[in-house]
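Quick mapping for you: the protein sequence lines, in order, are chains S and Z. Here this note's numbering is used: the first residue of the first sequence is 6, the next is one more, and so on. Here this note's numbering is used: the first residue of the second sequence is 6, the next is one more, and so on.
Protein chains: 2
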Amino acid sequence: MTAGKTTLRLDDFLPYRLSVASNRVSSAIATAYQALFGLRIAEWRLIAVIAEGQGMTQQALGAATRMDKVTVSRAAIALVDRGLVARQPNAQDQRSHLLSLTAAGQDLYESVAPKALELEARIFGGFSPKELAAFRAVLDRLEASAAALDPE
Amino acid sequence: MTAGKTTLRLDDFLPYRLSVASNRVSSAIATAYQALFGLRIAEWRLIAVIAEGQGMTQQALGAATRMDKVTVSRAAIALVDRGLVARQPNAQDQRSHLLSLTAAGQDLYESVAPKALELEARIFGGFSPKELAAFRAVLDRLEASAAALDPE
DNA sequence: CTCAACTGGTAACAGATGAAACTAGGTACG
DNA sequence: CGTACCTAGTTTCATCTGTTACCAGTTGAG
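Quick look at the structure:
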């Protein structure tokens with residue numbers, strides 16, 4: 006057998022498949038959130054995380070949501086403007102503030118969360134729990150190995 | 006048990022996990038291609054598809070790569086400018102042209118492809134063929150079910 | 001103390017992206 | 001064959017995203 010060029014079928018290339026699938030899913034979710042609640046993804050993520058642990062700094066929120074601090078800042082400003090999130094001064098550190106949900110934010114969260122789970126079910130339904138667990142495990146390890154390559 | 010609010014842990018929310026993992030992978034790949042070959046993802050995708058089937062229209066390339074026609078147009082222009090791709094007039098339809106790799110484009114492809122596969126192996130290595138096949142299968146079905154929800 | 005280095009958050013800028021308008025060419029039907 | 005509609009590709013524009021610069025506040029070494 007002679008040298009032989011490497012051939013690569015794009016449709017078989019996993020990073021490509023992953024990207025396409027993820028973009029489709031993100032876009033479907035983004036459309037739904039926007040239409041239902043006027044929230045962008047970043048805003049929704051903040052709400053979800055703040056609901057779990059009130060009184061976080063933006064710093065902490067960025068780490069929890071894997072979002073850039075600029076993205077977090079913008080989303081936080083938007084949420085405060087809409088009266089969904091409140092900022093309290095942080096006694097420990099005057100540069101930062103602690104974010105928590107207002108009553109309205111809490112209400113919104115309580116109507117968004119079920120919808121989110123429903124959407125997830127709609128998209129990821131039709132898979133067995135085992136399949137999903139395996140999928141999740143692959144995602145976890147991928148995240149780690151990709152981050153190792155690109156220590157952004 | 007009383008009504009009980011729905012709780013949602015962001016880290017357990019699959020669309021979120023998928024998005025984070027995919028972004029990490031895409032970013033690692035984009036960085037590598039840019040550094041090694043000065044190619045952006047869209048350009049690399051076009052090269053890969055043209056290499057498989059010379060003489061395609063941009064229309065066809067868009068379908069094959071799931072990219073917007075604007076994205077395809079820009080990537081095509083960049084590749085032509087760099088002398089990697091050539092446009093031949095399409096006798097059947099004067100509005101479009103047929104794209105093929107120049108000798109330089111072919112050379113580049115032949116050095117990019119192995120690198121791409123190596124990167125893929127680096128990121129997706131450590132999984133068994135079975136795991137990868139299952140993962141791929143989930144991606145396929147996801148793509149379909151998300152597209153159905155968001156008929157963009 | 002105080003000065004240098006550092007960190008949380010915002011603002012300003014720049015590149016990327018996609019929708020919509022536009023141009024040139026194609027198709028259908030009288 | 002002419003006119004109304006359709007499509008390939010490009011350009012324009014408005015938006016989004018992230019990098020960099022910036023300001024205010026914090027920390028630590030001397």
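Just so it is clear, CB atoms sit at the ideal spot from N, CA and C, and this is done for glycine as well.
For Arg92/S, the enclosing beta strand (DSSP E) begins and ends at 90-94. In chain order, Val143 make up the part of chain Z whose C-beta sits under 7 Å from the C-beta of Phe132/S.
The region 116-125 of chain Z and the region 34-42 of chain Z touch, with no fewer than 3 CB-CB distances between them shorter than 8 Å. Ala26/Z sits away from Leu124/S, with the two beta carbons spaced by 8 Å or more.
Using a C-beta cut-off of 8 Å, the region 80-91 of chain Z makes contact with the region 104-112 of chain Z, since at least three inter-stretch Cβ pairs fall below that distance.
At least one CB atom of chain Z sits nearer than 8 Å to the CB of Leu154/S.
For Ala151/S, the closest C-alpha among the options Thr70/Z, Phe18/Z, Arg22/Z, Val30/Z is that of Val30/Z. Residues of the same chain with a CB within less than 7 Å of the CB of Glu48/Z, apart from the 5 flanking positions on each side, are Ala80, Ala83, Leu84 in chain order. Of all residues in the region 68-94 of chain Z, those with a C-beta nearer than 8 Å to a C-beta of chain S are Ala69, Thr70, Arg71, reading in chain order. At a cut-off of 8 Å between beta carbons, Thr36/Z contacts chain S.
In this structure, the CA atom of Arg45/S is about 20 Å from the CA atom of Arg127/S. Per DSSP, reduced to three states, the secondary structure at Leu84/S is helical. The C-alpha of His102/S lies about 16 Å from the C-alpha of Ala69/S.
Among the residues of chain Z, those whose CB is under 8 Å from the CB of Leu147/S are Ala26, Arg29, Val30, Ile128, Phe129, following chain order. Put simply, the backbone Cα of Asp98/Z is about 32 Å away from that of Phe18/S. In the displayed model, Leu144/S falls within a helix according to three-state DSSP.
In its own chain, leaving out the 5 sequence neighbours on each side, no residue places its CB closer than 7 Å to the CB of Leu154/Z.
Cβ neighbours of Ser24/Z within its own chain (closer than 6 Å, five residues either side excluded): none. Of all residues in the region 101-123 of chain S, only Glu115, Ala118, Pro119, Ala121, Leu122 place a beta-carbon less than 8 Å from a beta-carbon of chain Z.
Using a Cβ distance threshold of 8 Å, Ser105/Z and Ile55/Z count as a contacting pair. Between Glu57/S and Ile34/S, the alpha-carbon positions lie close to 21 Å from each other. At a cut-off of 8 Å between C-beta atoms, Leu66/Z does not count as an interface residue with respect to chain S. Judged by their CB atoms, Arg141/S and Arg141/Z are not nearer to each other than the 8 Å cut-off.
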